[in-house]
Every structure is written in C-alpha cells, then in structure tokens.
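Quick note, the sequences are listed as chains R and V, same order. My numbering numbers the first residue of the first sequence as 220 and each following residue consecutively. My numbering numbers the first residue of the second sequence as 6 and each following residue consecutively. All remarks here apply to the structure that follows.
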Amino acid sequence: MLEKPGNETIDFRELTYAEAIREAMTQAMEADPTVFTLGEDIGTYGGAFGVTGDLIHRFGAERVIDTPIAELGIAGAAVGAALTGMKPVLELQFSDFITLATEQIVNQAAKIRFMFGGKASVPLVVRMPAGSGTGAAAQHSQSLEAWFGHIPGLKVVQPSTPHDAKGLLLAAIDDPNPVLIFEHKLLYKTKGLVPVDAYRVPIGKAIVRRPGKDVTIVGSSIMAIRAQAAAERLATEGIDAEVIDLRSVRPMDTETIFASVRKTSRLLIVYEGVKTLGVGAEISAAVAESDAFDYLDAPIVRLGGQEVPLPYNPVLEKAAVPQEDDIVNAARRLVRDGRA
Amino acid sequence: MAVEIILPRVDMAMESGSVARWAVKNGDSVKAGDLVFEMNTDKSVMEVEAPSAGIISGITVDEGVEMPVGAVLAYILAPGESEVTPRPNAAVPAIKTTADSKPNGRSTIPSDDPSRGDEDGIRATPLARRLAREAGLSLAALEGTGPRGRIDSGDVQNALATGRGQGPISGDATLKIRHWPAEGQTRDTLVLVHGFGGNGATWEAIGGDLAKRGFNVYAPDLAGHGRTALEADSFETVVASLESCLANLPGGPLHLVGHSMGAAVAIRAARHLPRKIARLTLLAPYGLGTQIDEGFIRGLAMAKSSESVLALLRLLTVRTIGYSPRQLEIMTSEVSQGRLIGLSKLLVANGQQSIHLLADLAALSCPVDVIFGVMDRIIPWQHVAHLPPTIPVRLLSEAGHMIHLDEPEVLTGVLEKLSA
Chain R
220 MLEKPGNETI
230 DFRELTYAEA
240 IREAMTQAME
250 ADPTVFTLGE
260 DIGTYGGAFG
270 VTGDLIHRFG
280 AERVIDTPIA
290 ELGIAGAAVG
300 AALTGMKPVL
310 ELQFSDFITL
320 ATEQIVNQAA
330 KIRFMFGGKA
340 SVPLVVRMPA
350 GSGTGAAAQH
360 SQSLEAWFGH
370 IPGLKVVQPS
380 TPHDAKGLLL
390 AAIDDPNPVL
400 IFEHKLLYKT
410 KGLVPVDAYR
420 VPIGKAIVRR
430 PGKDVTIVGS
440 SIMAIRAQAA
450 AERLATEGID
460 AEVIDLRSVR
470 PMDTETIFAS
480 VRKTSRLLIV
490 YEGVKTLGVG
500 AEISAAVAES
510 DAFDYLDAPI
520 VRLGGQEVPL
530 PYNPVLEKAA
540 VPQEDDIVNA
550 ARRLVRDGRA
Chain V
6 MAVEIILPRV
16 DMAMESGSVA
26 RWAVKNGDSV
36 KAGDLVFEMN
46 TDKSVMEVEA
56 PSAGIISGIT
66 VDEGVEMPVG
76 AVLAYILAPG
86 ESEVTPRPNA
96 AVPAIKTTAD
106 SKPNGRSTIP
116 SDDPSRGDED
126 GIRATPLARR
136 LAREAGLSLA
146 ALEGTGPRGR
156 IDSGDVQNAL
166 ATGRGQGPIS
176 GDATLKIRHW
186 PAEGQTRDTL
196 VLVHGFGGNG
206 ATWEAIGGDL
216 AKRGFNVYAP
226 DLAGHGRTAL
236 EADSFETVVA
246 SLESCLANLP
256 GGPLHLVGHS
266 MGAAVAIRAA
276 RHLPRKIARL
286 TLLAPYGLGT
296 QIDEGFIRGL
306 AMAKSSESVL
316 ALLRLLTVRT
326 IGYSPRQLEI
336 MTSEVSQGRL
346 IGLSKLLVAN
356 GQQSIHLLAD
366 LAALSCPVDV
376 IFGVMDRIIP
386 WQHVAHLPPT
396 IPVRLLSEAG
406 HMIHLDEPEV
416 LTGVLEKLSA
C-alpha cells in the first residue's frame with residue numbers, strides 16, 4: 220500500500236508483465252462492453268505467450284475471439300469493428316506478422332480519421348510480442364517499431380515494466396486512435412509492482428528511471444531494463460548515468476531527452492531495432508536540431524541492432540542486439556574517451 | 006524558440022546574485038550583445054548581454070532581488086513568437102542550480118564571437134564552443150585532449166583557469182607606439198607603459214609636456230590593448246610586446262615609466278633587457294602585494310556601456326576628470342571587444358594579484374623609483390612596505406591610482422628630477 224495525498228491509498232502487488240497485461244484487458248472489458256479481443260490461439264490456448272490466459276472463460280468466445288491464421292483479414296475485421304463503434308484489441312502472435320497486416324494498419328487505420336475529416340476514427344489497439352532472445356530466428360524476432368513510428372496517425376508504445384504494460388494498454392484502449400503496443404517476449408515473465416485498480420500511463424511521455432549527471436542513456440522496452448542494470452555497474456566505476464525509458468516511440472517525448480542532455484552533455488541511445496534508419500537516428504537528429512545541441516560535449520552514440528537478419532544460433536543472436544555489457548562499454552568509452 | 010536570459014555564474018564560487026539595473030524592458034528589441042542588465046555579485050557589478058536578437062519578454066525579477074545562479078530572469082522571443090509564461094525558477098534545469106562543477110551556468114555573453122569565423126577546421130564539441138563563446142575565449146589557441154585533438158569542455162575549462170587563448174587571434178604583430186618628439190632633446194628617452202585597460206593615449210596628459218621639457222617620449226599600446234592587434238594571451242606576451250617596442254626604439258639607454266600593470270610589465274622587461282634600460286620608475290605598481298580591486302579589473306574587462314566605463318574610470322582618480330563623449334566611446338569600444346577578459350583572469354585570481362614581481366625587482370641593477378598615490382582605490386599604497394629598502398618611495402597625498410591624471414605637474418617634475 221502506498222499513501223497518496225489526502226490519505227487515499229493505492230494497493231499494489233507483484234505481477235508479471237504478462238499478468239499485468241491480462242489484468243488491464245480484464246478491467247477494460249469489465250468496464251466497457253465494447254472492448255473485445257481477437258487473435259490467433261488467444262482463446263482456449265491462452266495466447267502464443269500465454270498472455271490472454273483464461274480471458275475466454277471469463278468473457279466468453281464472443282469477446283475473446285479465436286481467429287483464422289490470416290493477419291490481413293483479422294486486422295481488417297478489427298479496423299471495421301473499430302470504425303463501427305467497438306474497441307478491438309488485436310493480438311498478433313509475433314510482431315513480425317504485422318507485415319501481413321500492414322495494409323490495414325498503415326493505409327486504413329492510420330488514415331481514416333484524416334480522410335474522413337475527423338468524422339470517423341479507429342480506436343484500435345494492436346498487441347504484439349516483439350524482439351529477440353528466445354531462439355525464434357529471423358522471422359519471429361524483429362523489432363519493427365521504427366517502421367510504424369514513421370506513420371502519422373499511428374501511436375507506438377514499448378512498455379518495459381509490468382506497471383507500464385498495464386497502464387499503457389489501458390491508455391491505448393481509451394485512445395480514439397490506433398495504438399500499436401510492442402511487448403518484449405523476454406519481459407513477459409519479469410515481475411514488478413502493479414496497482415490493483417485501473418490506471419493509465421500517458422502515451423508519449425518518457426520517464427527518467429535513474430537520474431545521473433555524466434551521460435544520458437535512452438532506451439525503451441528491454442533496452443531500458445538493460446540500461447538501468449548497466450547504469451548500476453557504471454556507478455561502481457564512478458560514472459553516473461541517467462537512464463531514460465522512452466516508453467513511446469510515437470509521439471516521442473523529446474523534451475525529456477533534451478533536458479537530460481542539457482544536464483549530462485553526452486547521449487547514448489540504445490535500441491534493439493536495426494541501427495540504420497532506426498529510432499536512434501530519430502533521437503540523434505532531434506537532439507542535433509534542438510537547443511540541446513550546444514550542450515553536447517561528445518558525439519551522440521547509437522547502440523542499435525546489427526545489420527543482419529537475427530540469427531538462430533543463440534550466441535550470434537545475443538551478439539546481434541545490444542546487451543548489458545555492450546551498454547556498459549559504450550557508455551564508458553563515451554564518458555572516458557569521448558567517442559563511440 | 007524563446008531564449009532564456011539567465012543569471013550567469015561569473016566565478017566558480019558564485020551561488021547567487023541580483024539585477025543591479027535592467028537596461029531593457031519587456032517589449033524592447035535587442036541585438037545579440039546588447040546590454041540587458043547589470044548584475045551585482047558579492048564582488049562586483051557585471052554586465053550581461055543578450056545572447057541572441059529578439060524581443061525582451063517575461064521580465065519578472067525586480068532590481069535588487071537575490072536570485073540563484075541559473076535563474077531565468079527574462080526571455081528573448083523571436084519576432085512573432087508569443088509571450089512566454091515564465092517557468093518557476095525552481096524548475097530551471099538542475100545543471101544551473103546544483104553544485105555541479107561544470108560551468109554550464111556561465112555568463113550569457115556572446116558579443117563579437119571569437120570562436121566563429123576565423124576558426125574553421127577546429128575540432129571542438131558544441132559544448133566547448135558554447136563555453137568558449139560565452140567566455141570570449143578563442144579556441145584556436147587551445148589544444149584538444151579528446152580523440153584526434155578534439156577540444157572538449159574540460160579543455161576550455163582548463164584554458165579559462167590558466168588564461169590561455171583569450172581574445173580574438175590575429176596574425177598582425179605590429180605594435181602601435183605613440184611618439185612625442187622632444188622639442189630639442191636635452192634629456193632621456195622615456196618609454197611610458199600604460200596599465201590594464203589603457204593604451205598609449207593614457208599618457209596624453211603628460212606626454213606633450215614632457216616633450217616640451219626635452220624628453221623624447223614613446224608610449225606603446227601593449228599586447229591586448231588599444232590599436233595593437235596582438236592579443237594578450239599571457240603575461241609574457243604582454244612583456245614581449247613591450248620588449249619588441251624597446252628593441253625597435255632608437256637611441257641609448259631608456260628610462261621606463263610603468264603604471265600599474267605596466268609597471269609589472271616594465272620590471273619584467275627590464276630584467277630581460279638589463280643593458281637597454283637605464284632607469285625604471287614605477288607608478289602605483291602591480292605585483293608588490295596581493296590586494297587589488299578585483300571588481301574594477303573584472304568590470305573593466307567586461308564593460309559594454311560607456312556608463313559603466315565612466316563609473317569605473319571614476320575609481321581611478323581623486324580629481325573628477327572630464328572625459329568627452331568621444332573619448333568614452335573610444336574607450337568603451339576598445340574594452341567591449343572582450344580582449345581584456347583573459348588578461349583580467351591572469352592578473353587577478355581568487356580576488357588577489359596573482360603575479361608577483363618583488364623577486365624580479367630585487368634582481369635589477371638599474372635605479373628604481375616608486376610613486377604611489379595614497380588615495381589609490383585599486384591597489385593599496387601600503388604595498389610599498391614590501392619593497393627592498395634600497396628603492397626610494399614617493400607618496401602623493403592628493404593622487405589616486407592614475408597619478409598622471411591627478412598630479413601631472415608633480416609627476417613631470419619628479420621625472421625631470423630623476424633624469425637630471
């Protein structure tokens with residue numbers, strides 16, 4: 220329990236990231252009969268990563284809909300339902316499969332509000348397991364958030380904690396526009412304190428996870444977690460890193476990053492997506508264009524995924540994306556030597 | 006985007022200050038480098054300039070109210086930009102209020118930007134460039150310690166601490182020297198060496214009179230001063246500029262007359278060129294002790310308005326000297342180039358004189374005389390107590406720091422007597 224001003228209390232308990240998402244779904248479906256979820260194997264099977272679990276037993280097959288293996292079709296169905304007053308939460312088994320649903324998401328969901336002059340909207344949520352680390356190989360391990368962050372009309376979030384997984388999903392369901400949630404597969408079993416009641420984490424707001432003065436490390440999803448662990452190790456070497464959990468790729472909270480760079484004068488951006496033309500490029504350019512530029516005392520450094528399809532071999536798979544050691548090394552070089 | 010005007014940190018120990026006088030009001034348009042306000046610190050009054058052009062907005066702080074370093078005092082809006090709701094100052098980025106030693110809150114000065122233009126090709130971080138710009142420091146004189154010689158903020162801070170690289174760089178090493186030819190030379194050749202912030206013209210009050218009395222009189226503009234383009238990036242550079250003047254003067258042994266910092270420069274030059282110097286006369290010399298009016302030195306180095314220059318000049322004399330608007334304008338335009346900033350830091354550190362010349366004085370073989378005004382408000386005359394007992398001292402009861410302005414006839418009389 221935590222005291223809030225006015226003697227109100229908040230009840231917390233420990234949940235996994237997957238349980239926190241399921242709890243958000245439960246609370247949203249209990250509160251609003253127009254909320255429903257659809258996807259492949261999300262019913263009796265409980266979802267490819269067990270996220271939907273027992274929702275079908277609580278809400279029935281009308282609101283927890285097992286669909287055919289046809290991403291374009293089910294995305295179209297979800298967009299149509301959203302257009303006609305429902306609040307669908309579409310689960311894709313792997314975020315890689317969004318390639319199949321891209322027409323509906325990029326050309327329809329993202330555009331409809333604008334093309335109909337605001338007379339229609341698409342309150343769609345797409346939940347997707349993303350990222351590498353599970354030995355799922357090149358077609359099931361990608362981090363494609365930058366693709367969708369490029370599209371006006373979409374919002375893209377990447378929760379790193381159970382708390383944010385629940386709060387961002389509830390915020391996404393409230394949102395009258397399409398929101399894509401990239402959930403990291405390796406985070407589903409991680410635990411954290413989650414309030415019992417429903418609450419929202421604002422979309423488009425980053426959070427400083429660890430204040431520091433020597434270098435700013437920006438990451439989201441599992442990279443925010445690794446950056447925090449790296450920062451604690453750096454602290455033992457006398458390097459005080461500030462860690463920003465971006466949480467949303469679009470809209471992006473650049474002000475929090477600028478403020479941090481003005482404080483630390485050094486910026487390391489860590490992301491799992493392929494380095495080239497990725498989230499890091501956007502952040503780097505935004506800082507270079509801002510008044511924070513005049514506070515930089517070393518080049519901006521991007522630590523992104525390697526320029527390869529993700530390998531199946533577990534050693535190579537690990538080597539293809541930034542790990543805690545990589546972050547420690549990159550931050551140390553940046554602070555000590557002023558270079559990438 | 007609105008540009009913040011903050012209360013700058015002008016020395017490392019400074020934690021707070023106040024606006025002594027606003028030079029602008031909301032709605033005024035300013036150019037980069039225009040005076041925005043004068044600031045009281047615990048040591049002096051400093052001028053703070055507009056960091057960029059635009060319209061002043063959001064002045065909320067009254068004159069005299071003590072504010073923490075880094076507090077936002079006003080904004081500069083771009084044309085067409087809307088009013089800014091002033092942020093509470095507690096929300097100023099932490100860098101500006103914490104005890105963090107990075108001088109991120111350094112003054113907002115940039116005027117003529119010496120870190121731009123003539124320094125293409127210099128590798129420096131944006132932060133290093135900004136800090137150098139704000140301190141009036143030239144990056145060209147610095148050595149970078151970063152990868153491939155890149156200059157970073159640490160290099161700039163080191164340079165500021167040691168005084169290297171101050172002022173714009175110029176390849177022109179020509180010295181400007183004023184000459185009052187003797188009307189029938191019957192006496193010595195005199196070289197008059199001006200003090201900090203002065204130039205050869207400082208000696209107008211006595212130059213012509215001395216020439217009439219048979220002296221051949223020269224007065225150089227030292228490095229970093231007047232029309233001499235060479236910058237004063239170290240004390241030795243200033244000394245070297247005098248030495249090159251002495252080396253180029255015709256005639257035999259010279260009588261050097263140095264005032265204040267110019268006295269210190271003359272002592273060092275006399276030590277280097279013992280055969281060239283026949284006699285040394287020191288007026289209110291710098292370098293005999295530790296006390297000095299730091300506020301005057303810093304204030305003159307940073308002055309941007311003729312009002313400030315005049316206020317500082319008033320400290321120099323007991324008599325009220327009438328300066329013409331034209332004279333003030335010239336002096337202001339000279340000091341406002343920021344050429345003196347680096348030198349000021351070399352001469353005064355932690356509120357004290359930082360270069361000591363007693364050992365040099367003791368090593369000189371030529372006759373030395375010292376003259377001080379007991380009304381001196383810049384350097385206390387009591388420093389004469391530190392002099393070797395072989396050096397005669399004359400104290401003038403009616404003179405301040407500028408003896409040649411307060412007591413020109415007395416001074417020319419003394420010089421005449423000394424060279425007899």
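Where is the CB? At the ideal position from N, CA and C, for every residue including glycine.
Is any beta-carbon of chain R found at less than 8 Å from that of residue i?
| i | result |
| --- | --- |
| residue 133 (chain V) | yes |
| residue 124 (chain V) | Low confidence applies to residue 124 (chain V): its pLDDT is 41, below 50, so where it sits in the model is not reliable, and the reading given next is rough at best. No, no contact with chain R. |
| residue 158 (chain V) | yes |
| residue 130 (chain V) | yes |
| residue 108 (chain V) | Low confidence applies here, because residue 108 (chain V) scores a pLDDT of 38, under 50, leaving its location unreliable and the question unanswered by this model. |
| residue 405 (chain V) | no |
CA-CA distance, residue i and residue j?
| i | j | result |
| --- | --- | --- |
| residue 222 (chain V) | residue 185 (chain V) | 5 Å |
| residue 201 (chain R) | residue 344 (chain R) | A question about residue 201 (chain R) goes unanswered here, because the residues of chain R that appear run from 220 up to 559. |
| residue 283 (chain V) | residue 372 (chain V) | 7 Å |
| residue 145 (chain V) | residue 160 (chain V) | 12 Å |
| residue 312 (chain V) | residue 325 (chain V) | 15 Å |
| residue 335 (chain R) | residue 70 (chain V) | 56 Å |
| residue 292 (chain V) | residue 253 (chain V) | 26 Å |
| residue 412 (chain V) | residue 236 (chain V) | 31 Å |
| residue 201 (chain V) | residue 239 (chain V) | 13 Å |
| residue 437 (chain R) | residue 464 (chain R) | 6 Å |
| residue 134 (chain V) | residue 511 (chain R) | 13 Å |
| residue 358 (chain V) | residue 302 (chain V) | 11 Å |
| residue 376 (chain R) | residue 309 (chain V) | 52 Å |
| residue 419 (chain R) | residue 68 (chain V) | 45 Å |
| residue 291 (chain R) | residue 323 (chain R) | 7 Å |
| residue 28 (chain V) | residue 441 (chain R) | 53 Å |
For chain V, is any of its Cβ atoms less than 8 Å away from the one on residue i?
| i | result |
| --- | --- |
| residue 503 (chain R) | no |
| residue 256 (chain R) | no |
| residue 292 (chain R) | no |
| residue 457 (chain R) | no |
| residue 340 (chain R) | no |
| residue 562 (chain R) | The structure shown does not extend to residue 562 (chain R), since chain R spans only 220 to 559, so no value can be given for it. |
Using only alpha-carbon positions, find the residue among the options that is nearest to residue i.
| i | options | result |
| --- | --- | --- |
| residue 55 (chain V) | V:46, V:82 and V:49 | V:82 |
| residue 329 (chain V) | V:68, V:387, V:314 and V:321 | V:314 |
| residue 537 (chain R) | R:245, R:354 and R:451 | R:354 |
| residue 357 (chain R) | R:515, R:535 and R:339 | R:535 |
| residue 401 (chain R) | R:439, R:295, R:279 and R:455 | R:439 |
| residue 376 (chain V) | V:365, V:392, V:307 and V:193 | V:392 |
| residue 264 (chain V) | V:275, V:248, V:288 and V:39 | V:288 |
| residue 402 (chain V) | V:322, V:394 and V:180 | V:322 |
| residue 550 (chain R) | R:342, R:407, R:447 and R:314 | R:447 |
| residue 395 (chain V) | V:195, V:336, V:208 and V:370 | V:370 |
| residue 295 (chain V) | V:383, V:211, V:305 and V:224 | V:383 |
| residue 368 (chain V) | V:374, V:347, V:423 and V:279 | V:279 |
Contact residues within the stretch 508–521 of chain R, judged by C-beta distance below 7 Å to chain V: If the cut-off is 7 Å between Cβ atoms, the stretch 508–521 of chain R has 510, 512, 513, 514, 515, 516 and 517 near chain V.
List in chain order: all unbroken alpha helix (DSSP H) runs of 4+ residues lying wholly within the stretch 244–320 of chain R. Counting whole runs of 4 or more residues, the stretch 244–320 of chain R contains the alpha helix (DSSP H) stretches 274–278 and 290–302.
If you scan the stretch 232–269 of chain V from start to end, which runs of the alpha helix (DSSP H) of 4 or more residues do you find wholly inside it? Annotation: the stretch 232–269 of chain V contains the following complete segments of the alpha helix (DSSP H) (minimum length 4 residues), in chain order: 240–253.
Contiguous alpha helix (DSSP H) assignments of at least 4 residues, all confined to the stretch 477–559 of chain R: Counting whole runs of 4 or more residues, the stretch 477–559 of chain R contains the alpha helix (DSSP H) stretches 498–508, 533–539 and 543–556.
Using a Cβ cut-off of 7 Å, which residues of the stretch 421–439 of chain R contact any Cβ in chain V, in chain order? Correct list: 432.
Run through the stretch 146–213 of chain V for me and flag every whole beta strand (DSSP E) of 3 or more residues, listed as ranges in chain order. Those beta strand (DSSP E) runs which fall completely within the stretch 146–213 of chain V and span 3+ residues are 181–185 and 194–198.
Under 8 Å, CB to CB, which of the residues in the stretch 342–374 of chain R have a partner in chain V? Within the stretch 342–374 of chain R, no residue has its Cβ closer than 8 Å to any Cβ of chain V.
In chain order, what residues of the stretch 136–156 of chain V put their CB closer than 8 Å to some CB of chain R? Answer set for the stretch 136–156 of chain V: 151, 152 and 155.
Residues in the stretch 545–557 of chain R with C-beta within 9 Å of chain V's C-beta atoms, listed in sequence order? Residues 556 and 557.
For a minimum of 3 consecutive residues, which ranges assigned as the beta strand (DSSP E) are wholly contained in the stretch 355–425 of chain R? Annotation note: the stretch 355–425 of chain R contains the following uninterrupted beta strand (DSSP E) runs of length 3 or greater, listed N- to C-terminal: 374–376, 398–403 and 410–414.
Taking any Cβ of chain V, which residues in the stretch 313–332 of chain R have a Cβ under 7 Å from it, in chain order? Flagged: no residues at all.
Could I get the ranges of all uninterrupted alpha helix (DSSP H) runs contained in the stretch 323–407 of chain V, with 4 residues as the minimum, in chain order? The qualifying runs are 330–340, 345–352 and 363–367.
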